[in-house]
Each structure stands twice: as structure tokens, then as C-alpha cells.
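Only one structure is covered here, and it is reproduced in the block below.
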Amino acid sequence: MNPKTVLRVEDFAKQFFIHEQQKVIPSSSNVNLTVESGCLTALVGPTGSGKSSVLKGIYRSYLPSEGSIFFTTSLGDTLDLAKADEHQILDLRRNEISFVTQFLHCLPRQKTEDIVAQPLISRGVKPSAAIEKARQTLDALNIPERLWGISPATFSGGEKQRVNLARGLIAKPRLLLLDEPTASLDPVTTNRVLEMIEALKHENTAILAIFHHMELVERVADQVVTLEPPVLTESILENIA
Amino acid sequence: MRKVLEVSRLSKIYGPGCPSCIEKTGPEYETNICPDCNSVVAAHDMSFDLYQGEILGIMGESGSGKSTAVKCLFFDQEPTSGSATFYDQGQTHSLFDLNKAQQRRLSNHRFGMVYQNPHLGLNFDITAGGNIAERLLMSGLDHYGDIRERAIELLARTEVLTQRMDELPRNFSGGMQQRVQIAKALATNPPLLFLDEVTTGLDLSVQAAILDLILEIQQQEKTSMIVVTHDLGVIRLLADRTLVMKYGRVIESGLTDQILEDPQHAYTQRLVASAL
């Protein structure tokens with residue numbers, strides 16, 4: 001394996017079995033990709049080709065149905081995220097892997113700056129220093145200062161997305177998973193986000209990102225992986241039969 | 242992260258027990274009552290571990306056996322079989338092999354329990370402050386001034402008006418009683434806390450405040466917790482990992498977001514689908 005490779009996904013597939021309807025729903029299949037340190041791999045393909053399922057499978061919000069997801073840790077160990085135990089996954093989520101989804105899930109009672117500072121605090125950074133860093137990150141993403149002390153519950157879609165990004169970027173993860181990071185942003189803010197992505201690449205973060213606009217892919221991607229609509233894999237069909 | 246607790250093959254059967262108890266109960270039979278001897282298999286073959294600062298959720302409906310593990314671990318019930326190891330300050334305690342005095346010592350000093358029903362966790366004949374003092378006395382603190390000072394500190398922490406510490410718990414609202422219970426459970430800074438349906442039956446705003454308090458305690462003290470609840474919202478908010486129980490068996494376990502987004506078992510799929 002290339003020493004710069006942080007993530008290597010081999011023959012990944014995800015299917016859901018819906019008990020109520022006794023149905024198998026294929027969500028991704030035949031996914032192969034690598035992500036290298038300091039590089040961005042873009043995941044593209046039509047709606048329904050399973051791009052988000054790949055990210056969720058890597059983060060283990062979904063249990064992968066097939067394939068391997070080799071991740072090289074900061075200590076240089078390689079482990080298969082598809083099989084790693086839950087404590088290992090929790091530890092990696094705390095220290096090495098961040099996931100920025102399209103939607104912000106947070107408590108309606110938390111201040112924006114606290115939400116953004118959270119990943120640093122759980123890595124042991126002092127709360128005052130973490131909040132300071134959170135404010136800098138929010139500022140860099142064009143979130144006005146008057147919003148830092150209130151909950152993002154009432155924010156616009158674009159503002160929520162930037163809060164979500166700020167939280168994902170703040171701890172400078174080794175691997176960053178981005179699900180349409182600029183979907184609801186205006187051109188100025190989109191540029192800011194792309195600048196931050198470039199800055200993270202310079203700090204050796206490996207990034208796997210879903211984009212819909214090819215123009216953005218051309219601007220930031222080092223590698224492009226195109227997904228095809230999923231098919232049911234034979235081994236799954238055998239298992240059902 | 243350090244392992245705090247390891248539970249292995251814990252079972253609890255109420256009744257005489259017979260060979261059919263295990264064979265003829267569980268989710269496939271849709272019962273936890275043995276058809277041959279009428280024993281109740283409250284929980285069978287539960288295994289899980291818990292790390293420092295981690296919150297483990299145990300989810301299930303009434304009668305699924307979800308409270309059984311914490312009742313056994315807090316020594317409120319005696320397990321039928323199984324083992325539990327508690328790792329604390331360089332020592333290893335095999336919980337179900339300890340004598341009563343050793344068990345009391347652990348439950349007074351090193352564990353905290355918060356029950357759904359405040360009558361179980363609080364002595365309603367003595368004041369709120371007295372309830373906390375009682376636990377501090379049992380843990381060896383015996384200077385009146387120190388005890389009172391610590392009680393004031395704990396009540397302030399859990400946002401109970403300290404002016405009311407000399408009132409009886411029955412004068413308090415349900416949410417306030419839960420706060421006093423939490424203050425009492427926290428009195429000895431226990432590394433392990435059991436929370437059994439602590440927000441059930443409270444107003445939504447009160448629930449939210451109690452859940453915030455629990456998260457704050459976990460973050461500041463790195464307390465390990467087992468949270469028993471039927472409420473998916475509580476699980477989503479608090480638990481890192483979750484066990485799902487039905488008819489006395491663990492039918493599914495995993496990372497909480499995975500359990501909620503990609504549930505594997507038919508029952509969990511139904512549960513998640515009905516909540517969203």
C-alpha cells in the first residue's frame with residue numbers, strides 16, 4: 001500500500017434488508033477507492049448511486065454488507081473499519097475521522113460556538129482554548145459574530161451547513177468525510193469553503209467528498225471516483241435464497 | 242480509554258427455573274414466561290462492557306428486561322448466573338462474588354443509582370440535604386460542616402435551590418426530586434452511574450434540563466454511565482453504544498447512530514420506524 005494512503009475501500013457493498021416487506025434494497029455496490037494524505041478524492045455519480053452510503057459505511061453509521069475499508073491510523077496501524085470493534089470506531093471518531101453530513105444534528109439548547117468547540121474538547125483541549133478556536137473557525141466561514149452565542153436551530157440552511165463544516169474541520173482530522181459540503185452556499189461562501197479544504201490538504205488531511213457540481217470537482221479533487229447505480233451482489237442473493 | 246466494567250453472560254430468572262426456561266422463551270417465542278414452570282426469564286445471557294467516560298444505553302419496552310442488568314449491578318437483585326468485573330483504582334472486583342458488606346461499600350462509595358421513581362432513591366422522611374448527608378456519612382465523611390458544605394455544593398450543581406435543602410422531598414416537584422436524587426448519587430464522585438428511566442414521566446422542558454445535566458456530568462467528571470430507557474430520543478442524545486432488548490434477550494447491539502440509522506433486527510426496525 002502506498003505510504004500516503006490513509007483509506008482504501010475494496011469491493012464495498014451495502015444492502016438493506018427491510019424485514020417488514022421482506023425486501024433487500026441495494027444501496028451501493030462494487031465500490032473501490034483510495035484516499036491519500038493531503039489529497040481529495042471526489043465521489044460522483046447520479047442520485048441513488050450510493051455515495052452517501054459509502055461515507056456512512058466508512059463512518060460505520062451503516063454496517064457494511066461486503067468488502068473491506070482499510071484505514072491507516074496515526075500510529076501507522078492498518079485496520080479494517082468494516083470489522084473494527086465499536087470502541088476502536090468511537091476512538092477513531094474522537095481522534096482521527098470527522099464526518100460532515102448535509103444536516104446539522106444538535107441540541108436546540110446549545111450555543112453555536114459550543115457545538116463547534118465540542119470535537120476539540122473531547123480530544124482534551126481546554127474549553128477556553130477550544131471556544132477561542134471555534135470562534136476563529138466560525139469567523140473564517142463567514143458566520144457573523146452575533147450568531148456565535150445562540151443555537152443554530154433558527155439558522156438558515158447555509159448557515160447550519162457552515163456550522164456543521166466548522167465542527168468537522170476544527171480538529172484537523174486525518175480523514176475528513178464530506179457529504180455535499182457546499183450544497184446550499186452562495187458563491188462567496190463556497191469559495192471560502194474550498195479555500196479551507198485546500199488549507200486542510202496542506203496540513204495532510206485526507207478528504208473523501210461527495211460533490212454534485214463537476215466544476216467544484218475540477219477545482220479541488222486530486223482523484224475522481226464515479227459510482228454506478230447499485231446492483232444486488234451474488235453472495236447476497238445466495239444468502240437470501 | 243480504560244475499561245471500567247465487564248459483564249459476562251448475566252442471567253436473571255424469577256421463579257424455580259427449569260431446562261425449558263431458556264429454550265422456550267425469548268423473541269422467537271414472544272414471551273419471557275416459561276410455559277413449563279411459569280418462571281420469568283427477566284434477562285438471559287447479557288454480555289457487554291463499559292469504558293471510562295462512556296454512556297451505554299439499554300433500550301427496550303416495558304418487561305423486556307432492560308432494567309435487570311443495572312438492578313443486579315447495583316446489588317438490588319441477585320443474578321441467577323453470570324459474572325461482572327468492576328475495574329477501579331487499580332483493583333479488580335468480581336461483583337457477584339463479594340459479600341454483603343463489600344457490596345454495600347461499593348454501592349455507597351463507587352456507584353450511583355438514579356431510579357425512575359424517586360421514592361426508591363430518596364428517603365422521603367428526611368430533608369433533601371439530609372438525603373445527601375446520609376450518603377456522605379455512609380462513605381465516611383463525618384464532620385457536620387463538611388457534609389453540609391458538600392451537600393450545598395451538590396444541590397447547587399444540580400440546580401436545586403439551596404435555600405430549600407432543609408425541606409422534605411415531598412414538597413418538591415417531580416423534576417426537582419430527580420435533581421435531588423442525582424445530587425445524592427453524585428455525592429461520592431462515583432466513577433460509575435446507573436440511570437434507570439430517569440426522565441420518564443417528566444415534562445419535556447424538565448426532561449431536557451435533566452439530560453443536559455447528565456451530559457455535563459459525563460463530560461466534566463468522565464463518569465461512566467448505563468442509561469436504561471424506552472425513549473429513543475434519550476438514547477440518541479446520551480448513548481455512545483446501545484443494546485436493544487426484547488423478551489429478556491439482547492437482540493441487537495452497536496454504535497447508537499448505527500442502531501438508529503441501520504437497525505438490523507425486525508423489532509429494532511419497527512421501533513425506529515415508529516419513532517420517526
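If you read the sequences in order, they're chains F and P.
Reminder that position 179 of the first sequence reads as 179 in my numbering, one-by-one numbering, no gaps.
Reminder that position 23 of the second sequence reads as 264 in my numbering, one-by-one numbering, no gaps.
Ideal Cβ positions, reconstructed from N, Cα and C, are used throughout, including at glycine.
Note that the coordinates shown come from a computational prediction; the quantities given were computed from them, not determined experimentally.
Cα-Cα separation between residue i and residue j, rounded to whole angstroms
{"i": "residue 490 of chain P", "j": "residue 305 of chain P", "result": "8 Å"}
{"i": "residue 197 of chain F", "j": "residue 487 of chain P", "result": "46 Å"}
{"i": "residue 254 of chain P", "j": "residue 359 of chain P", "result": "26 Å"}
{"i": "residue 241 of chain F", "j": "residue 24 of chain F", "result": "In this prediction, residue 241 of chain F has a pLDDT of 49, which is less than 50 and means its spatial position is unreliable; what the coordinates show is noted afterwards. Cα-Cα distance, rounded: 12 Å."}
{"i": "residue 284 of chain P", "j": "residue 138 of chain F", "result": "49 Å"}
{"i": "residue 492 of chain P", "j": "residue 408 of chain P", "result": "45 Å"}
{"i": "residue 424 of chain P", "j": "residue 399 of chain P", "result": "6 Å"}
{"i": "residue 129 of chain F", "j": "residue 148 of chain F", "result": "15 Å"}
{"i": "residue 92 of chain F", "j": "residue 173 of chain F", "result": "10 Å"}
{"i": "residue 8 of chain F", "j": "residue 175 of chain F", "result": "12 Å"}
{"i": "residue 12 of chain F", "j": "residue 19 of chain F", "result": "23 Å"}
{"i": "residue 278 of chain P", "j": "residue 321 of chain P", "result": "16 Å"}
{"i": "residue 131 of chain F", "j": "residue 105 of chain F", "result": "19 Å"}
{"i": "residue 397 of chain P", "j": "residue 387 of chain P", "result": "15 Å"}
{"i": "residue 102 of chain F", "j": "residue 299 of chain P", "result": "29 Å"}
{"i": "residue 503 of chain P", "j": "residue 390 of chain P", "result": "48 Å"}
{"i": "residue 163 of chain F", "j": "residue 116 of chain F", "result": "7 Å"}
{"i": "residue 243 of chain P", "j": "residue 292 of chain P", "result": "6 Å"}
{"i": "residue 371 of chain P", "j": "residue 421 of chain P", "result": "11 Å"}
{"i": "residue 203 of chain F", "j": "residue 379 of chain P", "result": "54 Å"}
{"i": "residue 470 of chain P", "j": "residue 316 of chain P", "result": "19 Å"}
Whether residue i touches residue j by CB criterion (9 Å)
{"i": "residue 14 of chain F", "j": "residue 62 of chain F", "result": "yes"}
{"i": "residue 208 of chain F", "j": "residue 44 of chain F", "result": "no"}
{"i": "residue 355 of chain P", "j": "residue 439 of chain P", "result": "yes"}
{"i": "residue 251 of chain P", "j": "residue 308 of chain P", "result": "no"}
{"i": "residue 168 of chain F", "j": "residue 217 of chain F", "result": "no"}
{"i": "residue 107 of chain F", "j": "residue 37 of chain F", "result": "no"}
{"i": "residue 459 of chain P", "j": "residue 353 of chain P", "result": "no"}
{"i": "residue 170 of chain F", "j": "residue 90 of chain F", "result": "no"}
{"i": "residue 392 of chain P", "j": "residue 428 of chain P", "result": "yes"}
{"i": "residue 40 of chain F", "j": "residue 220 of chain F", "result": "yes"}
{"i": "residue 314 of chain P", "j": "residue 336 of chain P", "result": "yes"}
{"i": "residue 210 of chain F", "j": "residue 51 of chain F", "result": "yes"}
{"i": "residue 466 of chain P", "j": "residue 501 of chain P", "result": "no"}
{"i": "residue 414 of chain P", "j": "residue 323 of chain P", "result": "no"}
Three-state secondary structure assigned by DSSP to residue i
{"i": "residue 337 of chain P", "result": "helix"}
{"i": "residue 388 of chain P", "result": "helix"}
{"i": "residue 35 of chain F", "result": "strand"}
{"i": "residue 228 of chain F", "result": "coil"}
{"i": "residue 398 of chain P", "result": "helix"}
{"i": "residue 56 of chain F", "result": "helix"}
{"i": "residue 143 of chain F", "result": "coil"}
{"i": "residue 276 of chain P", "result": "coil"}
{"i": "residue 185 of chain P", "result": "No information on residue 185 of chain P is available, as it lies outside the stretch 242 to 517 that chain P covers here."}
{"i": "residue 504 of chain P", "result": "coil"}
{"i": "residue 296 of chain P", "result": "strand"}
{"i": "residue 250 of chain F", "result": "An answer regarding residue 250 of chain F cannot be provided, because it is not within the stretch 1 to 241 covered by chain F."}
{"i": "residue 73 of chain F", "result": "coil"}
{"i": "residue 153 of chain F", "result": "helix"}
{"i": "residue 26 of chain F", "result": "strand"}
{"i": "residue 325 of chain P", "result": "strand"}
{"i": "residue 136 of chain F", "result": "helix"}
{"i": "residue 66 of chain F", "result": "strand"}
{"i": "residue 161 of chain F", "result": "helix"}
{"i": "residue 512 of chain P", "result": "helix"}
{"i": "residue 168 of chain F", "result": "helix"}
Endpoints, alpha helix (DSSP H) assigned at residue i
{"i": "residue 437 of chain P", "result": "Premise fails: residue 437 of chain P lies in the beta strand (DSSP E), 433-437, not in any alpha helix (DSSP H)."}
{"i": "residue 464 of chain P", "result": "Taken as a continuous stretch (DSSP letters only), residue 464 of chain P belongs to no alpha helix (DSSP H), as it is neither H nor E."}
{"i": "residue 11 of chain F", "result": "Unbroken run through residue 11 of chain F is the beta strand (DSSP E), 5-18; no alpha helix (DSSP H)."}
{"i": "residue 178 of chain F", "result": "Per DSSP, residue 178 of chain F belongs to no alpha helix (DSSP H); it is in the beta strand (DSSP E), 175-179."}
{"i": "residue 244 of chain P", "result": "Unbroken run through residue 244 of chain P is the beta strand (DSSP E), 244-255; no alpha helix (DSSP H)."}
{"i": "residue 487 of chain P", "result": "Premise fails: residue 487 of chain P lies in the beta strand (DSSP E), 482-487, not in any alpha helix (DSSP H)."}
{"i": "residue 494 of chain P", "result": "Counting along the chain, residue 494 of chain P falls outside any alpha helix (DSSP H), though it belongs to the beta strand (DSSP E) covering 490-496."}
{"i": "residue 417 of chain P", "result": "415-427"}
{"i": "residue 309 of chain P", "result": "309-314"}
{"i": "residue 79 of chain F", "result": "Careful: residue 79 of chain F lies outside any alpha helix (DSSP H), inside the beta strand (DSSP E) at 78-80."}
For residue i, the first and last residue of its enclosing beta strand (DSSP E)
{"i": "residue 285 of chain P", "result": "281-292"}
{"i": "residue 97 of chain F", "result": "97-100"}
{"i": "residue 206 of chain F", "result": "206-210"}
{"i": "residue 370 of chain P", "result": "Segment 369-379 is the alpha helix (DSSP H) holding residue 370 of chain P; no beta strand (DSSP E) there."}
{"i": "residue 194 of chain F", "result": "It is not in any beta strand (DSSP E) - residue 194 of chain F instead sits in the alpha helix (DSSP H) that spans 187-202."}
Anticipated Cβ contact below 8 Å, residue i with residue j, distance rounded
{"i": "residue 33 of chain F", "j": "residue 225 of chain F", "result": "4 Å"}
{"i": "residue 229 of chain F", "j": "residue 64 of chain F", "result": "So it is not a contact: roughly 18 Å between Cβ atoms."}
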